[in-house]
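Asks: Let me begin by handing over the structure; questions about it come next.
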């Protein structure tokens, strides 16, 4: 357990502790141990204030036999490996000078695509600025846009971004190429975008591009509503709905700066973030129930509030309006339930209702507000919001995360960045076997021309001189430095020595040491021996390069941290920490990739002592050793991939599939088969009704249930329909109004039936919704005859069309009579049937039955 407001260092300590436990589980003596992690969302922190897990649910989890399960918000997750090729990522168009994220067909987040754009070569207007985008903020408007729920023509998604200026129009005199900026864009989800100079502001020193991209739209929207339109003043009170979201958290900061009393709603799991902003307990309420109305009325002594900043809909709007009993200002920034101002004024005297949209503000107004906001950031009044980042190629996952309102603060999409050949790449452990392989590959295949190879031995390390000579002959400038990267001061000196003409642009951390031993033999010193070059060095590199504009931060981890290797509890834990660091950095919008390598075929100085015939290594989970050329090809593939945690290894799938029990982690790699009757159920199709009519009633129901479960799982981001049970209510699965609309849209697309928007709420579980779909698609109840009747009809037609000789006729008749006898005896005796029960009949009765049925 850690406290709610745990700093990054405390969270890192928790990760180290969990990594140690995970490494120890590889010990055979712990074979029957189960690890259950209680976490909150994706943060990985469980507070003592959180409710304990449901005992029945925990018992069910333990009953699965899974060695490791994470309970996140009550939902169980088990680790599985998956093929990189199966990842649901987007691919930029080939040979396009520029591209951006768009939704060619609105209605489902699965329709997101990267499409060609003209931003790279479009002529600039006098006030235009061309920007190489590094990160772009994802807003609720973008999700509504993708689902086709935003009124009018919202244009392409991507309304804010940060990046580096590459070109300016003739009338732009205060910006020049190389300047870092943030601001408002149209179609900003791409590597290049163009916008008006008045919609931009210089990026503050010390901010990351992800932080900068999270600021413009949410703070401008909050400022426009509270300052310009509501005129919120000190001493007044304001209700901010969805206060843990982007605009909500920005509005809370602004309102407190203006001296207003703040009431806030959010889902209870997000309340710690609002408490950290200074919201008292009696000013907090859930955004998912109407309890906020009586709670805030009581907390305010019946006065209610003066201003409402709303993003909710339906009865939540009505309840919010009733919290303005003395009149006031109601600002509607959502677009899902816009009311008539005159009607509102008639029903709620004294209430001024106004719906507003930032996109309608004049560029000069945007510049005025941006200038005021950046001044508040500069003096510390405002702070950037918490950020969760995804690569733009993972946009469907990020959009789904926002659609389910799982985020706190802002979600940001980062753009892939190529490694600059003029920059310097640092390789720790750079003079070792793997260091040499990677250095050569970076020079020959990735255009790197400046290398800094660091190791404890430096130039005196075995083979260092020959490696430097080889790299120099390939056209690279090479510096070999002696440095203990586990020493923070040594790392700082190493980085300070990088020439300004060729600044550090990438880090590859390969350093490592083995000190194997079973858990009972591990001492603090033996753990430190392994942790220092792996964990401590990675932490120093992370902290000391965060202010730099790196294009790559590559960590060489080990499969020991993923699979677990007996006798390597300390090494497994250290590598699991590297994997966690990569995810932590990527979530913050910083570059990071961790490669959990399998065993290399070529022995290095570190692995030379390993017994390569030891089955715990060579045959672990069906894995095979990696030859060097394949390892470098996997490195290339990984650098081109958007994921931050990759497991490059060879797996003998044939041997794995032939095992009696496949290890849980590997089950996703062994492809199973589905029952033929249900194969392709999730495919839907325009002729779905025709397909249903060719099935029996039971088969119709099964196909439609598979269809509903598959589409529901896709909307929720689950990897398998197994996560959606037939009788589990949609609201228990996590569906809300937005995800319900997407499920409706997807089912409409695959069935060809225009379904009502309330279908998910009218038919509350997958089974009920499948039955409703059957009534729409097969309204007359038509269904195919059972398969055996179909076969009999076919046989009857064949007999009618056949001419046979008398002898064959007798043979066929005899066969048919035998089949009739078999069919009757299969049924057994019943109250309405005089056929014999074969289990009770005597021999004479059975012979008599045969004679009778065959007409003898």
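In our numbering, the protein residues as written are 72 to 927. Note that CB positions come from ideal geometry on N, CA and C, so glycine has one too. Note that the coordinates shown come from a computational prediction; the quantities given were computed from them, not determined experimentally.
(1) Please state whether DSSP places residue 711 in a helix, a strand or coil.
(2) Ends of the beta strand (DSSP E) at residue 424?
(3) Can residue 312 and residue 382 be called in contact, C-beta distance under 8 Å?
(4) How many Å lie between residue 355 and residue 314 at the Cα?
(5) With DSSP as the reference, identify every bridge partner of residue 173, one or two as the case may be.
(6) If I'm right that residue 653 touches residue 623 with Cβ under 8 Å, what's the distance once you round it to whole angstroms?
(7) Around the C-beta of residue 438, are 16 or more other C-beta atoms found within 10 angstroms, so that it is buried, or is it exposed?
(8) With DSSP run on the structure shown, which of helix, strand or coil describes residue 666?
(9) Could you check whether the segment 692 to 706 touches the segment 717 to 728, counting it as contact only if at least three pairs of C-beta atoms, one from each stretch, sit closer than 8 Å?
(10) Going along the chain, which residues of its own chain have a beta-carbon closer than 7 Å to the beta-carbon of residue 598, five neighbours each way excluded?
(11) Would you check if there are 3 or more beta carbon pairs closer than 8 Å linking the segment 486 to 496 to the segment 507 to 525?
(12) What does DSSP give as the partner residue(s) for residue 403 in the beta ladder?
(13) In whole angstroms, what separates the C-alpha of residue 208 from that of residue 376?
(14) Who pairs with residue 481 in a beta bridge, going by DSSP?
(15) At which residues does the alpha helix (DSSP H) containing residue 789 begin and terminate?
(16) Taking buried to mean at least 16 other C-beta atoms within 10 Å of its own C-beta, is residue 420 buried or exposed?
(17) If you draw a straight line from the C-alpha of residue 749 to the C-alpha of residue 414, how long is it?
(18) Would residue 715 pass as a contact of residue 664 if the rule is Cβ separation under 8 Å?
(19) With DSSP collapsed to three states, give me the class of residue 671.
(20) Count the CB pairs spanning the segment 381 to 401 and the segment 181 to 201 that are closer than 8 Å, and state whether there are at least three.
(21) Given this structure, state the Cα-to-Cα distance separating residue 185 from residue 104, to the nearest angstrom.
(22) If you draw a straight line from the C-alpha of residue 322 to the C-alpha of residue 299, how long is it?
(23) Let me know the secondary structure DSSP gives residue 1005 once reduced to three states.
(24) Give the list of continuous beta strand (DSSP E) stretches no shorter than 3 residues that lie fully inside the segment 201 to 274.
(25) Where does residue 588 fall in DSSP's three states?
(26) On the DSSP bridge list, what partners appear for residue 107?
(27) Closer than 8 Å by C-beta to residue 448: which residues in its own chain qualify, once you throw out the five before and the five after it? Chain order, please.
(28) Can you list, in chain order, the residues of its chain with a C-beta nearer than 6 Å to that of residue 602? Leave out the 5 residues immediately preceding and following it.
(29) Can you grab the Cα-Cα spacing for the pair residue 881 / residue 893, in whole Å?
(30) Under 7 Å Cβ to Cβ from residue 499, same chain only, skipping five residues before and after it: list those, please.
(31) Spatial neighbours of residue 133 within its chain, please: CB distance less than 7 Å, with the 5 preceding and 5 following residues excluded, ordered by chain position.
(32) For residue 497, list the residues DSSP reports as bridge partners.
(33) Please state whether DSSP places residue 147 in a helix, a strand or coil.
(34) Measure the alpha-carbon distance for residue 633 versus residue 92 and round it to whole angstroms.
(35) Grab the span of the alpha helix (DSSP H) containing residue 386 for me, first residue to last.
(36) Can you tell me which of 318, 255 and 537 puts its alpha carbon nearest to the alpha carbon of residue 432?
Replies: A quick look at the data gives this:
(1) For the purposes of this step, residue 711 is taken as the residue at position 640 of the chain shown. Here residue 711 sits in coil by DSSP.
(2) As a first step, residue 424 is located in the chain shown; it is residue number 353 there, counting from the start. Run containing residue 424: 422 to 426, per the beta strand (DSSP E) assignment.
(3) Taking the chain shown and counting its residues from 1, the one referred to as residue 312 is at position 241. Taking the chain shown and counting its residues from 1, the one referred to as residue 382 is at position 311. Closer than 8 Å, so yes.
(4) Counting from 1 along the chain shown, the entry for residue 355 is found at position 284. Counting from 1 along the chain shown, the entry for residue 314 is found at position 243. Residue 355 and residue 314: Cα-Cα distance of roughly 10 Å.
(5) Your numbering for residue 173 matches position 102 in the chain shown. DSSP lists 184 as partners of residue 173.
(6) Mapped onto the chain shown, residue 653 falls at position 582. Mapped onto the chain shown, residue 623 falls at position 552. Actually they are not in contact, since the Cβ atoms of residue 653 and residue 623 sit about 11 Å apart, beyond 8 Å.
(7) Taking the chain shown and counting its residues from 1, one reaches residue 438 at position 367. Buried is the call here.
(8) For this step, residue 666 is matched to residue 595 along the chain shown. If DSSP states are grouped into helix, strand and coil, residue 666 belongs with the strands.
(9) yes
(10) The residue you call residue 598 lines up with position 527 of the chain shown. So the qualifying residues of the chain are 641.
(11) yes
(12) If you number the chain shown from 1, residue 403 lands on position 332. 381 and 426.
(13) Along the chain shown, one-based indexing puts residue 208 at 137. Along the chain shown, one-based indexing puts residue 376 at 305. Residue 208 and residue 376: Cα-Cα distance of roughly 31 Å.
(14) Counted from its first residue, the chain shown places residue 481 at position 410. DSSP, once it has assigned bridges, lists 458 as partnering residue 481.
(15) The residue labelled residue 789 in the question sits at position 718 within the chain shown. Note, residue 789: premise wrong, no alpha helix (DSSP H); not H, not E.
(16) Within the chain shown, the letter at position 349 stands for residue 420. It is exposed - the Cβ of residue 420 has fewer than 16 other Cβ atoms within 10 Å.
(17) Residue 749 sits at position 678 when you count from the first residue of the chain shown. Residue 414 sits at position 343 when you count from the first residue of the chain shown. For residue 749, the predicted model reports a pLDDT of 37, less than 50, meaning its position is unreliable and no value from the coordinates is stated.
(18) Looking up residue 715 in the chain shown gives position 644. Looking up residue 664 in the chain shown gives position 593. Contact flag set, yes.
(19) Residue 671 sits at position 600 when you count from the first residue of the chain shown. Three-state DSSP puts residue 671 in a strand.
(20) no
(21) Taking the first residue of the chain shown as 1, we reach residue 185 at position 114. Taking the first residue of the chain shown as 1, we reach residue 104 at position 33. Computed Cα separation, rounded: 45 Å.
(22) As a first step, residue 322 is located in the chain shown; it is residue number 251 there, counting from the start. As a first step, residue 299 is located in the chain shown; it is residue number 228 there, counting from the start. Looking at the two C-alpha atoms, the distance is approximately 13 Å.
(23) Outside the shown range of the chain (72 to 927) lies residue 1005, about which nothing can therefore be said.
(24) 231 to 239, 251 to 255, 263 to 267 and 271 to 273
(25) Locating residue 588 in the chain shown gives position 517, where the first residue counts as 1. Residue state, collapsed to three classes: strand.
(26) Taking the chain shown and counting its residues from 1, one reaches residue 107 at position 36. In the DSSP output, where bridge partners are listed per residue, residue 107 has 140.
(27) The sequence position of residue 448 within the chain shown is 377, counting from 1. Only 275, 286, 454 and 455 meet the Cβ criterion.
(28) On the chain shown, residue 602 is found 531 positions in, with the first residue counted as 1. 645.
(29) Taking the chain shown and counting its residues from 1, the one referred to as residue 881 is at position 810. Taking the chain shown and counting its residues from 1, the one referred to as residue 893 is at position 822. Taking the straight line joining both Cα atoms gives about 19 Å.
(30) What you label residue 499 is simply residue 428 of the chain shown in a count that begins at 1. For residue 499, where only same-chain residues beyond five positions count, the Cβ hits under 7 Å are 525, 556, 580, 581, 582 and 608.
(31) Here residue 133 refers to the residue found at position 62 when the chain shown is read from its first residue. Within the same chain, residue 133 has close Cβ partners 105.
(32) In the chain shown, counting from the first residue as 1, residue 497 sits at position 426. Note: residue 497 sits in a beta bridge opposite 523 and 578.
(33) Translated into positions along the chain shown, residue 147 becomes position 76. Note: residue 147 maps to strand in three-state DSSP.
(34) Locating residue 633 in the chain shown gives position 562, where the first residue counts as 1. Locating residue 92 in the chain shown gives position 21, where the first residue counts as 1. Approximately 12 Å between the Cα atoms of the pair.
(35) Counting from one through the chain shown, the residue named residue 386 turns up at place 315. Its alpha helix (DSSP H) spans residues 386 to 393.
(36) Stepping through the chain shown from its first residue, residue 432 is reached at position 361. Checking every option, the nearest Cα to that of residue 432 belongs to 255.
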